[in-house]
Amino acid sequence: MALSLPSIADELYRHQTAATELKKLTLRYEGLTVDDAYEIQRLTMQRYMVEGARLVGWKMGLTSKAKQRSVGVDEPIFGHLLSTMELERPVLSMQGLIHPRVEPEIAFVFRSRLEGPNVTARDVWLATECVVPAVEVIDSRYENFSFTLVDVIADNASSARFYLADQAYSPYAFRLDEVGVVMRLNGDVAQTGAGAAVLGHPVRSVVEQVRMLTRFGAAIEPGMVVLTGGITEAIYVHPGDRVEIAFAGMGAIELDVID
Numbered sequence: 025m026a027l028s029l030p031s032i033a034d035e036l037y038r039h040q041t042a043a044t045e046l047k048k049l050t051l052r053y054e055g056l057t058v059d060d061a062y063e064i065q066r067l068t069m070q071r072y073m074v075e076g077a078r079l080v081g082w083k084m085g086l087t088s089k090a091k092q093r094s095v096g097v098d099e100p101i102f103g104h105l106l107s108t109m110e111l112e113r114p115v116l117s118m119q120g121l122i123h124p125r126v127e128p129e130i131a132f133v134f135r136s137r138l139e140g141p142n143v144t145a146r147d148v149w150l151a152t153e154c155v156v157p158a159v160e161v162i163d164s165r166y167e168n169f170s171f172t173l174v175d176v177i178a179d180n181a182s183s184a185r186f187y188l189a190d191q192a193y194s195p196y197a198f199r200l201d202e203v204g205v206v207m208r209l210n211g212d213v214a215q216t217g218a219g220a221a222v223l224g225h226p227v228r229s230v231v232e233q234v235r236m237l238t239r240f241g242a243a244i245e246p247g248m249v250v251l252t253g254g255i256t257e258a259i260y261v262h263p264g265d266r267v268e269i270a271f272a273g274m275g276a277i278e279l280d281v282i283d
């Protein structure tokens, strides 16, 4: 099929808003590149913003070296965070979702702009207002949650919902690479991990985020949130489930899943 990035973006938007699966783009459109995929993502997100959603931040994906190796890449990917994705309270409705999974993350919230190809970890710390425990809900729109790198980038890196805990912390209060996380599903331990799973340290994820945004003429703006990447593997959730995520020294999030 001939490549029309706006048409592909329209198709993805329809499936995202209707919560219906679709076949992988790469099975139907030959020659799609990573840059094409990011343009499809941008066009799709633009549709939401025309409808009134606001861009409130960015998310990072494939921040585990093991995950990068599994899809044959040597850098993370990123997606948009929109105001309509943020949960106001820790309750996840299955409405509008297909086969969601949840994963624990550490979010950075920024007080000043970050841009440019030469940003350093020091720049990130100076620009950070606070760090917050978070949960991201990922929900690939592709059949069987199966995709290639190009597919997942086009689909906004599978981002669907996110929730930030009530309590924020100074970015200097913890060694974020050493923050341990225990995720329980209905009382049973489902996953454990530590901040070091995110590129060795979550601050490195933000550095990569800024550098990648620079290539596309974008930046982290004051007030924006960055989800730095999953600390553990994501777990499937269903109506009636309760997910409890304890962040060592940073409190816990209890997420209830409803119809």
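In the working numbering, each number is its position in the sequence shown, counted from 1, plus 24.
Positions of the beta carbon are idealized from the N, C-alpha and C atoms, including for glycine.
Own chain partners of ARG78 with C-beta closer than 6 Å, once the 5 adjacent residues on each side are dropped:
SER107
Return helix, strand or coil for HIS104, following the three-state DSSP convention.
strand
Residue burial classification, ARG185 (beta-carbon count within 10 angstroms, cutoff 16):
buried
Per-residue DSSP class, three states only, for ILE122:
coil
For the alpha helix (DSSP H) that contains TYR187, what are its first and last residues?
Segment 183-188 is the beta strand (DSSP E) holding TYR187; no alpha helix (DSSP H) there.
Can you list, in chain order, the residues of its chain with a C-beta nearer than 8 Å to that of VAL213? Leave out the 5 residues immediately preceding and following it.
VAL206 and MET207
Alpha helix (DSSP H) segment containing PRO226, residue limits:
226-239
Pairing CB atoms from the region 234-249 with CB atoms from the region 121-140, are three or more of them under 8 Å?
yes
With DSSP run on the structure shown, which of helix, strand or coil describes ARG71?
helix
Flag this pair as touching only if the region 234-241 and the region 171-190 have three or more C-beta atom pairs under 8 Å; answer yes or no.
no
When you compare only the Cα positions, how much space is there between PRO226 and SER117?
28 Å
Straight-line CA distance for ALA158 to VAL203?
13 Å
Return the chain-ordered list of same chain residues with a C-beta closer than 6 Å to the C-beta of ASP280, the five sequence neighbours on each side being excluded.
VAL115 and ARG266
Classify ASN180: buried if its beta carbon has 16 or more other beta carbons within 10 angstroms, exposed otherwise.
buried
Out of curiosity, what's the CA-to-CA distance linking GLY219 and GLY211?
22 Å
LYS89 by DSSP, collapsed to three states: which one?
helix
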